[in-house]
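K.L.:
Got a structure here, written out as structure tokens. Questions coming.
Protein chains: 2
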Amino acid sequence: MRHQNRLLAALSEADGALLGPHLEAIDLPLGHVLVEPAAEIPYAIFIDTGLCSMVSTLDQGGRIEVGLVGRDGMATPALLLGTDTIPYQLFMQVAGHGHRIAVPALRDAVKASASLRTLFLRYVQTFLVQVAQTAIANAGAPAEERLARWLLMYHDRQDGDDLSVTHEFLSIMLGVRRPTVTVAIHTLEGAGLIRARRGRIRVLSRARLEEAAGQTYGPAETEYERLIGPLRRSEDSPA
Amino acid sequence: MRHQNRLLAALSEADGALLGPHLEAIDLPLGHVLVEPAAEIPYAIFIDTGLCSMVSTLDQGGRIEVGLVGRDGMATPALLLGTDTIPYQLFMQVAGHGHRIAVPALRDAVKASASLRTLFLRYVQTFLVQVAQTAIANAGAPAEERLARWLLMYHDRQDGDDLSVTHEFLSIMLGVRRPTVTVAIHTLEGAGLIRARRGRIRVLSRARLEEAAGQTYGPAETEYERLIGPLRRSEDSPA
DNA sequence: GTTGCTTTGTTCGGTTGCGGACGGTTCCGC
DNA sequence: GCGGAACCGTCCGCAACCGAACAAAGCAAC
Chain G
1 MRHQNRLLAA LSEADGALLG PHLEAIDLPL GHVLVEPAAE IPYAIFIDTG
51 LCSMVSTLDQ GGRIEVGLVG RDGMATPALL LGTDTIPYQL FMQVAGHGHR
101 IAVPALRDAV KASASLRTLF LRYVQTFLVQ VAQTAIANAG APAEERLARW
151 LLMYHDRQDG DDLSVTHEFL SIMLGVRRPT VTVAIHTLEG AGLIRARRGR
201 IRVLSRARLE EAAGQTYGPA ETEYERLIGP LRRSEDSPA
Chain E
1001 MRHQNRLLAA LSEADGALLG PHLEAIDLPL GHVLVEPAAE IPYAIFIDTG
1051 LCSMVSTLDQ GGRIEVGLVG RDGMATPALL LGTDTIPYQL FMQVAGHGHR
1101 IAVPALRDAV KASASLRTLF LRYVQTFLVQ VAQTAIANAG APAEERLARW
1151 LLMYHDRQDG DDLSVTHEFL SIMLGVRRPT VTVAIHTLEG AGLIRARRGR
1201 IRVLSRARLE EAAGQTYGPA ETEYERLIGP LRRSEDSPA
């Protein structure tokens, strides 16, 4: 069976054989914490379905998202950069499943295969750009653009056009108030880009959503397609 | 002579011998552009003195900073991640000098030495955290905290307590208006944390500046000291 | 179909920072 | 010592967003 995870799917046969024996299928329920800040990380996780957020937990109890991982990559990229801990939390934001591999086994494989190393480091690059785009989006882009960007990033990482999110959740991810999210959703919905229902948002037009996201969306995804391969499986939904 | 650049200084003797012959001293004048977006990058640059910003250039002509490199690292980390181009611009924000190495020579050295690879990838990790902290700071932290963070980051990367910056420049780096910078500087100065003169800011108390920066400052620097070594050379200025 | 919880819609006043502009000051070159 | 440029301080009206709160609507369980 072909892996749903894009990174695993992109492996050469030899690299696949190197990792395969160490991969273990796991469930990733909603809210499951993959990594706690400063805690040693035992497994790298390749997500097949679902979404995982990397967030900073603030003293005041709030959380701010800095990165998003889905079937495009692994959690956490930092494991490839010589560290077993990170100062952020990783948790499942949309339930799904994936495969895990013990960190020592991952390290051995990466040490043994230059092509594997190259592929994984390229993913790190796309992730770095994604975080940089988050920084850019957070610097002044209006809530509506940030919302559009986030919806697109979610959309990129799953099949179909229905996204499961509440306003409350989006408000945390975007670092804004919930009413701000409500207003932004109405605007996008009024323009016909999405259709919002209780706990669910349907993407009606990716193309126009990308316009709405402005420059906050694009660079990370371009980088991914350039360095690794197609991000979305299916065709774009019609404009 | 011991390298001023922290990464080069941290090299083992063998790794130093590997890179040394390929290093070429260069001047880095103010405003010098090291990397243009999407343009192929011929050299990796290890900065000895001065400061280099990684910025996103917006359509409207504005620029937003996503990362800062000084004697702590190299420009650009992305070269270690299997790409020869990045979607951002790198330019010298404070003049200085450094050493450059042609990318193929860098790649050869990194391929040949696992310890070199490890060290450099650890630097990538610290840079990734720095960018993540930028995202966090940009998400709602008031201008004053962001200013404090930026001053500390500059201070970390040079000797002495005098920083050469104008309000105008800071406003670009922080993504706020110049008057907002002026007000924030007055606040910090009023509290006795800094002393501002025309085109110059003197750090009077690092410790209290770190307080003022809140949670925006710290994680990236902790990560650096944990993975690589001391960031600042000299002792902290008295509180 | 009623109860209770979750999610969504809306309101109010207040604050921060924006865009733009103007005047004052320091510094540099001549 | 003078002129000009760069830099700093301040003001205005305005828009976005915040914090808090409350009301309505969808959904689920019984």
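Protein sequence lines, in the order shown, are assigned to chains G and E.
Here our numbering is used: the first residue of the first sequence is 1, the next is one more, and so on.
Here our numbering is used: the first residue of the second sequence is 1001, the next is one more, and so on.
Even for Gly, the Cβ is constructed at its ideal location relative to N, Cα and C.
1) Let me check understanding here. Comparing Cα to Cα, which of Leu1188(E), Gly1190(E), Leu1119(E) lies closest to Ala1010(E)?
2) Just to make sure I have the definition right: I need the residues of chain G whose C-beta is within less than 7 Å of the C-beta of Asp1059(E). Which are they?
3) In chain order, which continuous runs of the beta strand (DSSP E) of length 3 or greater are located wholly inside the region 1063 to 1092 of chain E?
4) For Glu40(G), count the other beta carbons within 10 Å of its own beta carbon; 16 or more makes it buried, fewer makes it exposed. Which is it?
5) Okay, do the region 1053 to 1073 of chain E and the region 1120 to 1138 of chain E touch, 3+ Cβ pairs below 8 Å being the bar?
6) Met1054(E) bridges to which residues according to DSSP?
7) Taking all protein chains shown into account, do 16 or more other C-beta atoms lie within 10 angstroms of the C-beta of Leu1030(E), making it buried, or fewer, making it exposed?
8) Val1110(E): which of Thr1216(E), Tyr1224(E), Asp1015(E), Ala1184(E) sits nearest, CA to CA?
9) DSSP three-state call for Ile1194(E): helix, strand or coil?
10) If we count the other Cβ atoms within 10 Å of its Cβ and call it buried at 16 or more, is Pro21(G) buried or exposed?
11) Taking the alpha helix (DSSP H) that Val1110(E) falls in, what are its first and last residues?
12) Report the neighbours of Tyr1088(E) on chain G: residues whose CB is nearer than 9 Å to its CB, in chain order.
13) Using the Cβ count rule (16 or more neighbours within 10 Å means buried), how would you classify Gly1190(E)?
14) Can you list, in chain order, the residues of the region 101 to 124 of chain G whose Cβ is nearer than 7 Å to any Cβ on chain E?
15) First and last residue of the alpha helix (DSSP H) that includes Tyr1154(E)?
16) For Ala1139(E), decide whether its Cβ has a neighbour in chain G, counting only Cβ atoms nearer than 9 Å.
17) Go to Leu231(G), then tell me how far its alpha helix (DSSP H) extends in each direction, as first and last residue.
18) Along the region 1173 to 1188 of chain E, where does the CB come closer than 9 Å to a CB of chain G? Name the residues.
19) For His3(G), which three-state DSSP category applies?
20) Is Pro1230(E) close to chain G? Criterion is C-beta to C-beta, closer than 9 Å.
21) For a contact meaning CB atoms closer than 9 Å, what does Thr49(G) contact in chain E?
22) Use the C-beta contact count for Arg206(G): other C-beta atoms within 10 angstroms, 16 or more gives buried, fewer gives exposed.
23) Grouping DSSP H, G and I as helix and E and B as strand, with all else coil, what is Leu1034(E)?
24) Note down, in chain order, every chain E residue with its Cβ under 8 Å from the Cβ of Val35(G).
25) Is it a yes or a no for the region 88 to 106 of chain G touching the region 45 to 61 of chain G, going by three-plus beta-carbon pairs under 8 Å?
26) Can you give the Cα-Cα distance for Phe1091(E) and Leu152(G), rounded to whole angstroms?
27) Would the region 210 to 230 of chain G count as touching the region 142 to 156 of chain G if we require 3 or more Cβ pairs under 8 Å?
28) Assuming Arg208(G) is part of the alpha helix (DSSP H), what are its boundary residues?
29) How would you label Ala53(G), buried or exposed, when you count the other beta carbons within 10 angstroms and need 16 or more for buried?
30) Roughly how many angstroms separate the alpha carbons of Asp84(G) and Pro42(G), rounded to a whole number?
31) Using 9 Å as the threshold, is the C-beta distance between Arg71(G) and Arg2(G) below it?
32) Could you check whether the region 103 to 117 of chain G touches the region 140 to 148 of chain G, counting it as contact only if at least three pairs of C-beta atoms, one from each stretch, sit closer than 8 Å?
33) Using beta carbons (cut-off 9 Å, strictly below), is Leu1227(E) in contact with chain G?
34) Smallest Cα separation from Ala1212(E): which of Ala1017(E), Ala1141(E), His1167(E), Leu1080(E)?
35) Check each residue of the region 66 to 98 of chain G: if its Cβ is closer than 9 Å to any Cβ of chain E, include it; give the result in chain order.
36) Please list the terminal residues of the continuous alpha helix (DSSP H) segment that includes Leu1011(E).
P.N.:
On the basis of the coordinates in this document:
1) Residue numbering aside, residue 1010(E) sits at position 10 when the second sequence is read from its first letter. The option with the nearest alpha carbon to Ala1010(E) is Leu1119(E).
2) In the second sequence, residue 1059(E) corresponds to position 59, counting from 1. Near Asp1059(E) (Cβ distances below 7 Å), the residues of chain G are Gln215.
3) 1063 to 1069
4) Position 40 of the first sequence holds residue 40(G). By the 10 Å Cβ count, Glu40(G) comes out exposed.
5) yes
6) Locating residue 1054(E) in the second sequence gives position 54, counting from the first residue. Bridge partners of Met1054(E): Gly1067(E), Leu1090(E).
7) Residue mapping note: residue 1030(E) aligns to position 30 of the second sequence, counting from 1. By the neighbour-count rule (16 or more Cβ atoms within 10 Å), Leu1030(E) is not buried but exposed.
8) Numbered from its first residue, the second sequence carries residue 1110(E) at position 110. Selected option, being the one with the closest Cα: Asp1015(E).
9) The sequence position of residue 1194(E) within the second sequence is 194, counting from 1. In this structure, Ile1194(E) counts as strand in the three-state DSSP scheme.
10) Here residue 21(G) refers to the residue found at position 21 when the first sequence is read from its first residue. Exposed, because fewer than 16 other Cβ atoms sit within 10 Å of the Cβ of Pro21(G).
11) Taking the first residue of the second sequence as position 1, residue 1110(E) is located at position 110. First-last of the alpha helix (DSSP H) with Val1110(E): 1103 to 1112.
12) Here residue 1088(E) is taken as the residue at index 88 of the second sequence, counted from 1. Chain G residues near Tyr1088(E): Val129, Ala132, Pro219.
13) In the second sequence, residue 1190(E) corresponds to position 190, counting from 1. Gly1190(E) comes out exposed.
14) Thr118, Leu121, Arg122, Val124
15) Counting from 1 along the second sequence, the entry for residue 1154(E) is found at position 154. First-last of the alpha helix (DSSP H) with Tyr1154(E): 1143 to 1156.
16) As a first step, residue 1139(E) is located in the second sequence; it is residue number 139 there, counting from the start. Judged by the 9 Å Cβ criterion, Ala1139(E) is in contact with chain G.
17) Your numbering for residue 231(G) matches position 231 in the first sequence. Note, Leu231(G): premise wrong, no alpha helix (DSSP H); not H, not E.
18) Leu1174, Gly1175, Val1176
19) Counting from one through the first sequence, the residue named residue 3(G) turns up at place 3. Coil.
20) As a first step, residue 1230(E) must be located in the second sequence, where it is residue number 230. No, Pro1230(E) does not count as interfacial toward chain G.
21) Locating residue 49(G) in the first sequence gives position 49, counting from the first residue. Those within 9 Å of Thr49(G) in chain E number zero; the least Cβ separation is about 25 Å.
22) Translated into the one-based positions of the first sequence, residue 206(G) becomes position 206. Arg206(G) is buried by the Cβ-count criterion.
23) Here residue 1034(E) corresponds to residue number 34 of the second sequence, with the count starting at 1. Residue state, collapsed to three classes: strand.
24) The residue labelled residue 35(G) in the question sits at position 35 within the first sequence. Near Val35(G) there are no residues of chain E at all, since even the closest Cβ is about 14 Å away, more than 8 Å.
25) With a cut-off of 8 Å, the region 45 to 61 of chain G and the region 88 to 106 of chain G count as touching, because enough Cβ pairs lie within range.
26) On the second sequence, position 91 is the one that residue 1091(E) refers to. On the first sequence, position 152 is the one that residue 152(G) refers to. The alpha-carbon atoms of Phe1091(E) and Leu152(G) are separated by roughly 31 Å.
27) yes
28) In the first sequence, counting from the first residue as 1, residue 208(G) sits at position 208. Residues 206 to 213.
29) The residue labelled residue 53(G) in the question sits at position 53 within the first sequence. At residue 53(G) the sequence reads Ser, which differs from the Ala that was named. Classification of Ser53(G): buried, given that the 10 Å Cβ count is 16 or more.
30) Position 84 of the first sequence, counted from the start, is the residue given in the question as residue 84(G). Position 42 of the first sequence, counted from the start, is the residue given in the question as residue 42(G). C-alpha separation (whole angstroms): 8 Å.
31) On the first sequence, residue 71(G) is found 71 positions in, with the first residue counted as 1. On the first sequence, residue 2(G) is found 2 positions in, with the first residue counted as 1. No. Outside cutoff.
32) By the Cβ criterion, the region 103 to 117 of chain G is not in contact with the region 140 to 148 of chain G, since fewer than three pairs of Cβ atoms, one from each stretch, lie closer than 8 Å.
33) Stepping through the second sequence from its first residue, residue 1227(E) is reached at position 227. Yes, its Cβ sits closer than 9 Å to a Cβ of chain G.
34) Numbered from its first residue, the second sequence carries residue 1212(E) at position 212. It is Ala1141(E).
35) Val66, Gly67, Pro77, Ala78, Leu80, Leu81, Gly82, Thr83, Thr85, Ile86, Pro87, Tyr88
36) Start at 1 with the first residue of the second sequence, and residue 1011(E) comes out as number 11. Careful: Leu1011(E) lies outside any alpha helix (DSSP H) and carries neither H nor E.
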